[in-house]
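Data first, discussion second: the structure below is written as structure tokens.
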Amino acid sequence: MSTTTDRPQTEAVPAARPRRRWGRPMLYTSYAQEMALLNTRAKQLGVLAVIAVAAYLPLTLEDDILNLLGTGLVLAVGAIGLNLLIGYAGQVSLGHAFFVGIGAYTAAVLAGDPDGRYLGFGVSEAVVWIPVAGVVAALFGMVVAPLATRLRGLYLAIVTLGLVFIGQYFFAEWRDLSGGPGIGREAAVPVVLGQDLTRDGAYTEEQKLFWLFLAVLVVMALLGRNVARSRVGRAFAAVRDRDIAAGVMGVDLGRYKLIAFTISSFFAGVCGSLLYAASGQFSPEQFGLLLSVQFIAMVLIGGVATISGSIMGALLIAMLPRLASELPSFLPFVSSRPNEHPNVFEVELGLYGALIVAFLLFEPRGLYGIWLRIRTYWKSFPFSY
Amino acid sequence: MTELLTAVSIGAGNGSVYALLALGFVIIYKAMAVISFAQPAFMLSGAVLVSYLSPKVGFVAGVVLGTLAIAVVALVVERIAIRPMVGRAVFVIAIITIGVDIVVRVVAGAFVGINPRNIGDPWGLQVITIGGVQVQHRHLAAFLVAGVVVAALFAFFRFTRIGLAMRATALDQEAAMAQGVDVGRVFAVSWALAGGLAAIAGVFASAGNPIDQNLWIIALTALPVIILGGLDSLGGAVIAGLAIGVVEAVVSTYHSTWFPFLETNTGDIAPYLLMLLVLLVRPQGLFGTKEVERV
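Given below as structure tokens:
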């Protein structure tokens, strides 16, 4: 509706640019104002504060926790991508692990040693291989997308599940690429502008990687938020809510499903290229159904169709192994040895399932929904009932 | 020729397992329009439970008791986790079943233990020779039992009151409610049936081998089966189950002749490739009803 008329309006607006009124944070006098990236002063300050605190964290925290949080930041990039696809565009995909794998292998091959045992081109600069990994994954996403225009809902979910199995087969089979099942190959070493981040210098490896991951996440989150609030994002929402109606209104369904898959795969590729930077080694089994389910858990636990929720969900899922390993000290019947039951590994896996079920039953908007409640409580204080 | 027929006999045995699992998926889909990803967990827990029961009460009684017990577990799961979600988006319910699957599987997996557990089946790896083709007892048994179960199931839908109610609900839920069908009970019975079928499938999937934590992966092959046969077709599930079983076994057997350049056996991904091929031609599967879009 608005797509045909908003062009003349936006040309007329700059003449008298509407200004925000002091003391009236919820008063918007134009559509552009309401759709702005950070549409209230509190959000502007809040986001800056969160980024500042996150950037300061490496100076205070232990290295092993930094490692976990860093993984969480990388996973958040993938989760944002999946949220754009599932949450905003409504296309259920269980195939995210496949695209993460494509990204991981592209990065590893580009950055790999040309004289090494496995395929490698020796392009060590991360500024090059991070975007290329995203682009290659996006190309695969474009190839898969036409399936989505023919299939809907659960059919699509199962076909993308098949993609994971087929992808895993080819990763395992192409030994020059992956090193084969159970063995694996070295991951891409992040070298930014000539600086090898995995060497301890003035700062440790974990600290430098954390800052790199944080920078990538901020850029990608900004990108995701901009996709979501633009014309493309509105088209996604229309396709999700009622695709036939969207088609009637002039949204090209095939095109926007293609865009959704491509963008989501790009995020997955970027996530994959950095996911194993800290551990330095990965094998084809890692891109299985479990990884896909973990990404879905991040989206659902964090909050469907929210960027900040995806980040919260990813951080929670990344911290889950750590939380589970702390359990034996609180619950004496949980054992930390793998040959006794129940042990922490079972508890961790069970927690994924239990958290998914519990959130969907009791807090369908996820962690973001909890935050929303807290915000509403204090906003309407002392009349918060 | 003998090699091919041997492959077909293996395929028919495995295919019967897939068909039983696929029937469970289709029954739930027809009742609630949801794919239950909890089937793999019911399959694993069925096999584990029978392995505990059969040394005490004998194999046949163990299988019957185990099947009933898993049906009750499925009933409880439906009541606690699924019923409150009725009316919500299909995708949300499907994801809940993934969560349920993980939880149930962890619990069942804890009972597998370190020592190899057998379900105590009488067949082992014995073979009989039919016309020069060696057929394993367990595959023959799976095929025959699946045939009996499928016949009983179709008779159940055709001749019983609740079977009629289930068919009515599948056709039009609101119209069925208006006629006095208790749709909640139909949901419950569907889940119980699916759980029981998964338990029987689990028994035959683990016959002859010790139970493995990764047994549930077999159940995922039932997903291409239901897509191939059509999500809402019971007959399609049986035919597609057998077809996928045979294709998988034949490709596994002839892998080294057909694809000498690939080291890993292609049999494992053959079902998924077949599913993709069929979907490109017929998005609703071979026997499924074509989706009608209403504005």
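Taken in sequence, the protein lines are chains X and L.
Just so we're aligned: the first sequence equals residues 0 to 384 in numbering that gives the first Met the number 0.
Just so we're aligned: the second sequence equals residues 0 to 294 in numbering that gives the first Met the number 0.
A virtual CB, placed ideally from N, CA and C, is assigned to each residue, including glycine.
For residue i, count the other beta carbons within 10 Å of its own beta carbon; 16 or more makes it buried, fewer makes it exposed. Which is it?
{"i": "residue 332(X)", "result": "exposed"}
{"i": "residue 254(X)", "result": "exposed"}
{"i": "residue 36(L)", "result": "buried"}
{"i": "residue 325(X)", "result": "exposed"}
{"i": "residue 365(X)", "result": "buried"}
{"i": "residue 8(L)", "result": "buried"}
{"i": "residue 274(X)", "result": "buried"}
{"i": "residue 242(X)", "result": "buried"}
{"i": "residue 201(L)", "result": "buried"}
{"i": "residue 379(X)", "result": "exposed"}
{"i": "residue 0(L)", "result": "exposed"}
{"i": "residue 33(L)", "result": "buried"}
{"i": "residue 54(L)", "result": "exposed"}
{"i": "residue 113(L)", "result": "exposed"}
{"i": "residue 289(L)", "result": "exposed"}
{"i": "residue 373(X)", "result": "exposed"}
{"i": "residue 295(L)", "result": "Because residue 295(L) is not part of the residues shown, which for chain L are 0 to 294, the question remains open."}
{"i": "residue 255(L)", "result": "exposed"}
{"i": "residue 139(X)", "result": "buried"}
{"i": "residue 13(L)", "result": "buried"}
{"i": "residue 220(X)", "result": "buried"}
{"i": "residue 77(L)", "result": "buried"}
Check whether the Cβ atoms of residue i and residue j lie closer than 8 Å to each other.
{"i": "residue 316(X)", "j": "residue 285(X)", "result": "no"}
{"i": "residue 252(X)", "j": "residue 148(X)", "result": "yes"}
{"i": "residue 185(X)", "j": "residue 77(X)", "result": "no"}
{"i": "residue 192(X)", "j": "residue 211(X)", "result": "no"}
{"i": "residue 219(L)", "j": "residue 39(L)", "result": "yes"}
{"i": "residue 228(X)", "j": "residue 34(X)", "result": "yes"}
{"i": "residue 106(X)", "j": "residue 128(X)", "result": "yes"}
{"i": "residue 258(L)", "j": "residue 265(L)", "result": "yes"}
{"i": "residue 47(L)", "j": "residue 110(L)", "result": "yes"}
{"i": "residue 41(L)", "j": "residue 120(L)", "result": "no"}
{"i": "residue 93(X)", "j": "residue 156(X)", "result": "yes"}
{"i": "residue 174(L)", "j": "residue 16(L)", "result": "no"}
{"i": "residue 152(X)", "j": "residue 89(L)", "result": "yes"}
{"i": "residue 152(L)", "j": "residue 135(L)", "result": "no"}
{"i": "residue 235(X)", "j": "residue 259(X)", "result": "yes"}
{"i": "residue 238(X)", "j": "residue 88(X)", "result": "yes"}
{"i": "residue 288(X)", "j": "residue 359(X)", "result": "no"}
{"i": "residue 351(X)", "j": "residue 313(X)", "result": "no"}
{"i": "residue 158(X)", "j": "residue 275(L)", "result": "yes"}
{"i": "residue 105(L)", "j": "residue 81(X)", "result": "no"}
{"i": "residue 69(L)", "j": "residue 197(L)", "result": "yes"}
{"i": "residue 166(X)", "j": "residue 100(X)", "result": "yes"}
{"i": "residue 133(X)", "j": "residue 232(X)", "result": "no"}
{"i": "residue 235(L)", "j": "residue 285(L)", "result": "yes"}
Could you name the residues of the same chain whose beta carbon sits closer than 7 Å to that of residue i, not counting the 5 residues immediately before and after it, in chain order?
{"i": "residue 362(X)", "result": "368 and 369"}
{"i": "residue 8(X)", "result": "In this prediction, residue 8(X) has a pLDDT of 48, which is less than 50 and means its spatial position is unreliable; nothing more can be read from the coordinates."}
{"i": "residue 46(X)", "result": "37"}
{"i": "residue 277(X)", "result": "66, 69, 70 and 208"}
{"i": "residue 175(X)", "result": "117 and 118"}
{"i": "residue 72(X)", "result": "212, 213 and 216"}
{"i": "residue 307(X)", "result": "367"}
{"i": "residue 206(X)", "result": "57 and 65"}
Could you please give me the residues that DSSP links to residue i through a beta bridge?
{"i": "residue 124(X)", "result": "190(X)"}
{"i": "residue 185(X)", "result": "280(X)"}
{"i": "residue 126(L)", "result": "135(L)"}
{"i": "residue 342(X)", "result": "334(X)"}
{"i": "residue 195(X)", "result": "190(X)"}
By Cβ distance, which residues of its chain are closer than 8 Å to residue i, with the 5 residues on each side in sequence left out?
{"i": "residue 327(X)", "result": "333, 334, 335 and 343"}
{"i": "residue 177(X)", "result": "104, 117, 170, 171, 183, 184, 282 and 283"}
Taking 6 Å as the limit between beta carbons, can you name the residues of its chain near residue i, skipping five residues before and five after?
{"i": "residue 237(L)", "result": "18 and 149"}
{"i": "residue 267(L)", "result": "none"}
{"i": "residue 11(X)", "result": "Note that residue 11(X) scores a pLDDT of 47, beneath 50, so its modelled location is shaky; the value from the coordinates is reported in the next line. Closer than 6 Å at Cβ, skipping near neighbours: no residue."}
{"i": "residue 248(L)", "result": "6, 9 and 10"}
{"i": "residue 377(X)", "result": "none"}
Could you tell me whether any Cβ in chain C is nearer than 8 Å to the Cβ of residue i?
{"i": "residue 87(X)", "result": "This model lacks chain C altogether; the protein chains it does include are X and L."}
(message) Extract the residue ranges of the alpha helix (DSSP H) inside the stretch 61-89 of chain X, only unbroken runs of 4 or more that lie entirely within it.
(response) 62-82
(message) Suppose only complete runs of 4+ residues qualify. What are the alpha helix (DSSP H) ranges in the stretch 144-175 of chain X, listed by chain order?
(response) 152-172
(message) For a minimum of 4 consecutive residues, which ranges assigned as the alpha helix (DSSP H) are wholly contained in the stretch 225-281 of chain L?
(response) 233-257 and 269-280
(request) Could you tell me which uninterrupted alpha helix (DSSP H) segments, each at least 4 residues in length, are contained entirely in the stretch 133-194 of chain L, listed from first to last along the chain? (result) 136-158, 160-170 and 172-177
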